[in-house]
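Worksheet: one structure, shown below.
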Amino acid sequence: MRHAGKIVTRTMLLEHVWDFHFDPKTSVVETHISRLRAKLNRDEAPELIHTMRGAGYSLHAPS
Amino acid sequence: MRLPRFLRTTSFRLTLLYAGLFCASVLLLFGAIFWFGTGYVADQIDRSVSNEISEISAHAAVEGPDGFRQTVALYVKDAPAGVYYLLQDVSGRVLAGNIPAMDPIMGLRSWPRRKDGGNFPVGRHGVRGRGVSTAEGTYLFVGLDSVELDRMRALIAKAFLWGLAATIALALLGGTVMSLGLLRRVEAISQTSRRIVAGDLNRRIPMHGTNDEFDHLAASLNTMLDRIQGLMEGLQQVSSDIAHDLRTPLSRLRQRLELARRRAHSVDELHDALDSSILDVNAILETFAALLRIAQIEAHTHAVGLAPIDLSDMLGGMIDTYQSVAEERGQKLCGEIAPGLTISGDRELLPQLFSNLIENAMRHCAEGTTIVLRAACAATGIEVLVSDNGPGIPAALREKVFQRFFRLEHSRTTEGTGLGLTLARAIASLHGATMQLSDNQPGLRVQTIFPGEK
C-alpha cells in the first residue's frame, strides 16, 4: 500500500519481495502477479493490479 | 670507484658493524683480564716484600742494637738475584744493602722496567718494593724484581693481539660468506621478477625447501604472481568472450535494422522491427551484465563480506518462489530441506546461485518433469542437490557446460546466455564450495558442497 497508485517496476518487486538482486530467466514476477490477481478477483471484484506495459505494475482502484 | 657488489650489501655493512662491536668487546675483555691479572701478581709481590720486612724486623730485634745493619748485611749476602735490600741513615748514608741510596719515601714504591741501564733498577725488569722506618730511626727498603708482572703483561698483550686478529678475520669471513649467500637468494628473486617483467609470466621464484624466511617470501611472492596471472587470464578471457560471443548477436541486430530500413513499407512494420531490435539489445545487455558479474565474482576469490546465513530458510524461500512458476510450466518442484543449516555466505549472491540452478532445470526440462531441491549435512560439509528427471547432460560434456557461452545443442532453441552455470560455479567458489554435475538416472543432478560453518 505504500506505493499505491505509483508504478512499481519488475526490478523493485524482485528486490523487495524476493530479495533477488538479479534478473530471473523464468516468469517469477509474472506468475506471482497473476496468482495474486486471481485471488483478488475471486468475487469478481474490480481489477486492482494494473500492468503498465514496459514499465511495471500499479495498484489502484479502476478509474 | 665502485665497490664489489657484496661489499655494498646491507648484510655486509651489518657484518662490519658487528665486527666493530666484537673488537670492542674483545678489547674490554682483555682490559679486564689485564687489570685483574696484573693486580693479582703485583699483590703477590707486595705480600712477599711485606713478609721479608717483617722477617728482617723480627731478626733485628733478636740481634739487639745495630741489629738492622747486621741483619740486612746478612740477608744481602744470601740474596738471590732480583731481591734488593737497602738500609740507610737519616743523612742518606748507606749502612747496608745491594743498591744505591734513595729518597727515604715510606710505603709502596715501584719502578718501571728501564731500557737504558742506570744504577737502579738493575737489569731488564721493573722493581716493586716497600720503604719503612725502623725502630732505630733508619730507612729500610726491600724490593723485588717484577719479572712475573712483566711476563704477565707481555702474555696478555700477545693473547689480546691474536684474539683481536682472529675476531676480525672470523667476522669478515663470516660476513662475506653470509652476504654472498643472502645475495644469491635475493638475486634469484630479482632475476625472476626481471624475467616476469620481460614477459615470461609463468616464471616463479625457486624455493630452497629450507622453510626459512626466504622460502616464505618466495612462497608469498609466488602466490601473488599466481593471483595476478589468474586475474590477467580472467580479464583476457572476458575480453575474448565479449569479442567472440557478442559479435553474432550484434551482427544479427545490424542485419535486422538494415533489412527494416530497406524493406519496411509502413510505420507498423518499422515498429515491429524496432521492438525485436530492442529485445535483441536487451539480450546483449544481459550477456554483458552476466559477464561483468562473473568477472567481478571471480576477482574476489576470498570471502569478502560473508556472513552467517540460514541456508534452510533461504532454500525454503526459493521453493516458495519457484513452486508456482513450475506449476505454471506444468512441472513439479519439491524440496527436502533439513532444518537449521547455516553457512557463511553472501546474501545477495547465494539466491542467484540457487535460482540459476532451479531455472536451468526448469528451462531445459520438458513438461511433466519433477525437480527436487535437497539440502542436508554431509560428511564433507553442507550438501545442496538440485536434481531433475529431464534429458540430463552426457558425461563428456558435464565439465564443459561450466565454460562461458558453452551451450548444449538442444538448448540452442531455448533462450539464455550460456553463462548461468558459469556464474553459479563462480558464486560457489567464492563461498569455498565445490559444484559438480552427475547423472540422476534419468536427468541431471547438480551437487554443491559448502564448507560447514566454523
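Just so you know, the sequences run in chain order A and B. Residue numbering for the first sequence follows our numbering, beginning at 1 and increasing consecutively. Residue numbering for the second sequence follows our numbering, beginning at 64 and increasing consecutively. For each residue, glycine too, the CB sits at the ideal point set by N, CA and C.
Taking C-beta pairs closer than 9 Å, name the residues in chain A that residue i reaches, listed in chain order.
{"i": "B:Pro-414", "result": "Trp-18, Asp-19, Phe-20, His-21, Phe-22"}
{"i": "B:Arg-552", "result": "Absent from the model: residue 552 of chain B. The displayed extent of chain B is 64 to 517, so no value can be given."}
{"i": "B:Ser-492", "result": "What B:Ser-492 touches in chain A: nothing, since even the nearest Cβ is about 18 Å away."}
{"i": "B:Ser-375", "result": "None at all; the shortest Cβ gap to chain A is about 16 Å."}
{"i": "B:Ser-450", "result": "Simply none; closest approach about 18 Å."}
Going along chain A in order, which residues have a C-beta closer than 7 Å to the C-beta of residue i?
{"i": "B:Val-388", "result": "Thr-26, Ser-27, Val-28, Thr-31"}
{"i": "B:Glu-422", "result": "Pro-24, Lys-25, Thr-26"}
{"i": "B:Thr-384", "result": "Trp-18, Val-28"}
{"i": "B:Ser-340", "result": "By Cβ distance, chain A contributes nothing, its closest Cβ being about 15 Å from B:Ser-340, past 7 Å."}
{"i": "B:Glu-411", "result": "His-21"}
{"i": "B:Ser-501", "result": "Going along chain A, no residue has its Cβ under 7 Å from B:Ser-501, so there is no contact; the nearest lies around 23 Å."}
{"i": "B:Ser-74", "result": "Those within 7 Å of B:Ser-74 in chain A number zero; the least Cβ separation is about 55 Å."}
{"i": "B:Glu-361", "result": "Per Cβ cutoff of 7 Å: no residues; B:Glu-361 is ~16 Å from chain A at best."}
{"i": "B:Ser-303", "result": "Correct list: empty, because the minimum Cβ distance to chain A is about 24 Å."}
Under 7 Å, do residue i and residue j count as touching if we go by C-beta distance?
{"i": "B:Val-240", "j": "B:Glu-115", "result": "no"}
{"i": "B:Gly-518", "j": "B:Arg-176", "result": "This structure does not reach residue 518 of chain B, given that chain B is present from 64 up to 517, and the question cannot be answered."}
{"i": "B:Asp-451", "j": "B:Gly-380", "result": "no"}
{"i": "B:Gly-145", "j": "B:Asp-213", "result": "no"}
{"i": "B:Ile-400", "j": "B:Ser-375", "result": "yes"}
{"i": "B:Ile-268", "j": "B:Leu-284", "result": "yes"}
{"i": "B:Thr-519", "j": "B:Gly-455", "result": "Outside the modelled stretch of chain B, which goes from 64 to 517, sits residue 519 of chain B, for which no answer is possible."}
{"i": "B:Phe-75", "j": "B:Gly-238", "result": "yes"}
{"i": "A:Val-17", "j": "A:Tyr-57", "result": "no"}
{"i": "B:Val-125", "j": "B:Ala-159", "result": "no"}
{"i": "A:Leu-59", "j": "A:Leu-48", "result": "yes"}
{"i": "B:Ala-358", "j": "B:Val-301", "result": "yes"}
{"i": "B:Val-449", "j": "B:Leu-413", "result": "no"}
{"i": "B:Thr-197", "j": "B:Phe-131", "result": "yes"}
{"i": "B:Ser-407", "j": "B:Leu-378", "result": "no"}
{"i": "B:Val-104", "j": "B:Leu-227", "result": "no"}
{"i": "B:Leu-416", "j": "B:Arg-461", "result": "no"}
Name, in chain order, the residues that DSSP records as bridge partners for residue i.
{"i": "B:Asp-289", "result": "In the DSSP output, where bridge partners are listed per residue, B:Asp-289 has none listed."}
{"i": "B:Asp-208", "result": "B:Val-190"}
{"i": "A:His-16", "result": "Answer by DSSP bridge pairing: none, since A:His-16 is not bridged."}
{"i": "B:Ala-438", "result": "B:Ile-400, B:Val-447"}
{"i": "B:Leu-590", "result": "In the structure as shown, chain B begins at 64 and stops at 517. Residue 590 of chain B is therefore absent and cannot be evaluated."}
{"i": "B:Gly-170", "result": "B:Gly-194"}
{"i": "B:Ala-370", "result": "B:Gly-408"}
{"i": "B:Met-295", "result": "B:Met-295 pairs with nothing; no bridge assigned."}
{"i": "B:Ser-501", "result": "B:Arg-508"}
{"i": "A:Gly-56", "result": "A:Met-52"}
{"i": "B:Tyr-202", "result": "B:Gln-151, B:Ser-196"}
{"i": "B:Val-433", "result": "According to the sequence displayed, residue 433 of chain B carries Thr and not Val. Beta-bridge pairing links B:Thr-433 to B:Lys-395."}
{"i": "B:Phe-513", "result": "B:Ile-445"}
{"i": "A:Ile-7", "result": "A:Ser-58"}
{"i": "B:Ala-159", "result": "B:Leu-150"}
What residues in its chain sit with their C-beta under 7 Å from that of residue i, if we drop five residues either side in the sequence?
{"i": "B:Phe-465", "result": "Leu-484, Thr-485, Arg-488"}
{"i": "B:Ala-234", "result": "Thr-78, Tyr-81, Ala-82, Phe-85"}
{"i": "B:Leu-348", "result": "none"}
{"i": "B:Gly-192", "result": "Val-112, Tyr-147, Arg-172, Phe-204, Val-205, Gly-206, Leu-207"}
{"i": "A:Arg-10", "result": "Val-29, Gly-56"}
{"i": "B:Ala-251", "result": "Ile-268, Pro-269"}
{"i": "B:Met-287", "result": "none"}
Name the chain B residues whose beta carbon is nearer than 8 Å to that of residue i?
{"i": "A:Arg-35", "result": "Ser-387"}
So, for residue i: in the same chain, excluding its five sequence neighbours on each side, which residues have a beta-carbon less than 6 Å away from its beta-carbon?
{"i": "B:Asn-423", "result": "Gly-483"}
{"i": "B:Leu-396", "result": "Tyr-385, Gln-386, Ala-389, Ile-434"}
{"i": "B:Gly-189", "result": "Trp-174, Pro-175, Arg-176, Ser-209"}
{"i": "B:Met-498", "result": "Arg-488, Ala-491, Thr-511"}
{"i": "B:Gln-254", "result": "none"}
{"i": "A:Leu-14", "result": "Phe-20"}
{"i": "B:Arg-470", "result": "Gly-481"}
{"i": "B:Val-447", "result": "Ala-438, Thr-511"}
Is residue i near the ligand NAD, going by C-beta to nearest heavy atom under 6 Å?
{"i": "B:Arg-216", "result": "The ligand NAD is not among the ligands present in this structure, which contains no ligands whatsoever."}
Can you find the residues in the same chain that come closer than 8 Å, C-beta to C-beta, to residue i, ignoring five residues on each side of it along the sequence?
{"i": "B:Arg-216", "result": "Phe-97, Thr-101"}
{"i": "B:Leu-294", "result": "Ala-362"}
{"i": "B:Val-139", "result": "Tyr-148, Ala-159, Gly-160, Asn-161"}
How would you list, in chain order, the residues of chain A whose beta-carbon sits under 8 Å from the beta-carbon of residue i?
{"i": "B:Glu-349", "result": "Asp-23"}
Using a C-beta cutoff of 7 Å, does residue i count as contacting chain E?
{"i": "B:Ser-407", "result": "The chain inventory of the structure shown lacks chain E, comprising the protein chains A and B."}
Legend entry - the segment 39-58 of chain A in contact with the segment 436-445 of chain B per 3-pair CB rule at 8 Å: Inter-segment contact for the segment 39-58 of chain A and the segment 436-445 of chain B is absent: fewer than three beta-carbon pairs are separated by less than 8 Å.
Legend entry - the segment 21-38 of chain A in contact with the segment 377-393 of chain B per 3-pair CB rule at 8 Å: Flag = yes, the segment 21-38 of chain A and the segment 377-393 of chain B touch.
Inset, instruction - Decide if the segment 101-114 of chain B is in contact with the segment 265-284 of chain B; the criterion is three or more beta carbon pairs, one per stretch, under 8 Å apart. - result: Counting Cβ pairs under 8 Å, fewer than three are found: no touch.
Legend entry - Stretch-stretch touch, CB-based, cutoff 8 Å, three pairs: the segment 334-343 of chain B with the segment 317-325 of chain B: For the pair of segments examined, the segment 334-343 of chain B was found to touch the segment 317-325 of chain B: the number of CB pairs separated by less than 8 Å reaches three.
Inset, instruction - Take every Cβ of the segment 4-13 of chain A, pair it with every Cβ of the segment 357-376 of chain B, and state whether three or more of those distances are shorter than 8 Å. - result: Look at the beta carbons and you see the segment 4-13 of chain A not touching the segment 357-376 of chain B: under three pairs across the two are nearer than 8 Å.
Inset, instruction - Check whether the segment 346-360 of chain B touches the segment 303-317 of chain B, taking contact to mean three or more Cβ pairs, one atom from each stretch, closer than 8 Å. - result: Touching, yes, given that three or more Cβ pairs across the two stretches are closer than 8 Å.
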